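K.L.:
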Amino acid sequence: MKNKFSNNEDAVSPVIGVMLMIVVTVILAAAVSGYAGGLTGNMQKAPQLVMDVSISNTGHWIGSQIQFDVLGVSEPIPTKDLKIVTSWTNATGALKGNTTTGWDGTTYNTNYYNYQYQAPTGYGKGVKSDQQRTSGGYSPAQFFGNYTLIPGTSMKNSPDSMYQNFEYSSDRGIDAIEAILGVGWQELRTGDIVNVKVIHLPSGKVIFEKNVGVQ
Numbered sequence: 200m201k202n203k204f205s206n207n208e209d210a211v212s213p214v215i216g217v218m219l220m221i222v223v224t225v226i227l228a229a230a231v232s233g234y235a236g237g238l239t240g241n242m243q244k245a246p247q248l249v250m251d252v253s254i255s256n257t258g259h260w261i262g263s264q265i266q267f268d269v270l271g272v273s274e275p276i277p278t279k280d281l282k283i284v285t286s287w288t289n290a291t292g293a294l295k296g297n298t299t300t301g302w303d304g305t306t307y308n309t310n311y312y313n314y315q316y317q318a319p320t321g322y323g324k325g326v327k328s329d330q331q332r333t334s335g336g337y338s339p340a341q342f343f344g345n346y347t348l349i350p351g352t353s354m355k356n357s358p359d360s361m362y363q364n365f366e367y368s369s370d371r372g373i374d375a376i377e378a379i380l381g382v383g384w385q386e387l388r389t390g391d392i393v394n395v396k397v398i399h400l401p402s403g404k405v406i407f408e409k410n411v412g413v414q
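The sequence shown runs 200 to 414 under this note's numbering.
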């Protein structure tokens, strides 16, 4: 009888071992699933953005500009959550362009003469300002980073009045179109291509990209 009982114990031990392994596997699977679910929950969903973008260089400050017209969004998009990246190559093949982020409250990407602001400046819907200036001393509500993109919002800037005959006549700082397209933008000619990206910072996603032909 004693030997028979001992044999039963030996038979039960592997069963218990298998059951313990199953329990451990289930616990690990639940932990991994919970971790993955947490990661998914923390990821920001990127909004959708539809825009028309135009760039023109007439060789003169009159008629030269970059303009973004918002046609549609999946939800209002604060510009403080965005980054604009432009890139293009000049006649020698050198890579040019610039990166624009929202105003941080202290530094400005546009600084010439006595003017300081964050380009591109906003107009129309989504800009909380009754005084939307078209040049010079813009309202802080028009600074990139301080307004929201909704259908009807426009962002646009031109070079300052020292730009003539495809060059600047004096060293006066960085104007708005240089801040967006990069120093040397005046090398762009009709038909040249500028790649424009808009990146949603919370999600890290590119929500707009277009190759824009210069007019």
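For each residue, glycine too, the CB sits at the ideal point set by N, CA and C. All figures in this text were calculated on a predicted structure; none of them were measured in a lab.
(1) Skipping 5 residues on each side, what residues in its chain have a beta carbon closer than 6 Å to that of R332?
(2) What did DSSP end up calling T389 once you bin it into helix, strand or coil?
(3) Would you mind sorting G383 into buried or exposed? The rule is 16 or more other CB atoms within 10 Å of its CB.
(4) Quickly, what does DSSP pair L248 with across the bridge? List them, please.
(5) Using the beta-carbon count (16 or more within 10 Å), is I265 buried or exposed?
(6) Using the DSSP secondary-structure output, state which residues sit across from T285 in a beta bridge.
(7) What is the DSSP secondary structure of L400, reduced to helix, strand or coil?
(8) Please report how far the alpha carbon of D374 lies from the alpha carbon of L281, in whole angstroms.
(9) In terms of residues, what are the limits of the alpha helix (DSSP H) holding A290?
(10) Taking just the CA atoms, how far does D268 sit from V249?
(11) For the beta strand (DSSP E) that contains T305, what are its first and last residues?
(12) Between the Cα of Y362 and the Cα atoms of D251, G372, G258, which residue gives the shortest distance?
(13) Opposite Q414 in the DSSP bridges: which residues?
(14) Put I261 into one of helix, strand or coil per three-state DSSP.
P.N.:
According to the structure shown:
(1) Here the question's residue 332 lines up with position 133 in the sequence shown. Once the five neighbours on either side are set aside, R332 has no close Cβ partner at all.
(2) The count along the sequence shown starts at 1 and reaches residue 389 at position 190. Correct three-state label for T389: coil.
(3) Walking along the sequence shown from the start, residue 383 turns up at place 184. G383 comes out exposed.
(4) Within the sequence shown, numbered from 1, the residue matching residue 248 stands at position 49. DSSP output for L248 lists V272 as bridge partner(s).
(5) Position 66 of the sequence shown, counted from the first residue, corresponds to residue 265. Classification of I265: buried, given that the 10 Å Cβ count is 16 or more.
(6) As a working note, residue 285 is residue 86 in the sequence shown. Answer is N297, V395, bridged to T285.
(7) Within the sequence shown, residue 400 is the residue found at index 201, counting from 1. If DSSP states are grouped into helix, strand and coil, L400 belongs with coil.
(8) Here the question's residue 374 lines up with position 175 in the sequence shown. Here the question's residue 281 lines up with position 82 in the sequence shown. Near 21 Å, if we compare the C-alpha coordinates of L281 and D374.
(9) Here residue 290 corresponds to residue number 91 of the sequence shown, with the count starting at 1. A290 -> no alpha helix (DSSP H), and no H or E assigned at all.
(10) For the purposes of this step, residue 249 is taken as the residue at position 50 of the sequence shown. For the purposes of this step, residue 268 is taken as the residue at position 69 of the sequence shown. Cα to Cα, V249 sits roughly 9 Å from D268.
(11) Indexing the sequence shown from 1 puts residue 305 at position 106. Unbroken run through T305: none, as it is neither H nor E.
(12) Your numbering for residue 362 matches position 163 in the sequence shown. Here the closest residue by C-alpha is G258.
(13) In the sequence shown, the residue the question calls residue 414 occupies position 215. Paired residues: none, contrary to the question.
(14) Taking the first residue of the sequence shown as 1, we reach residue 261 at position 62. Coil.
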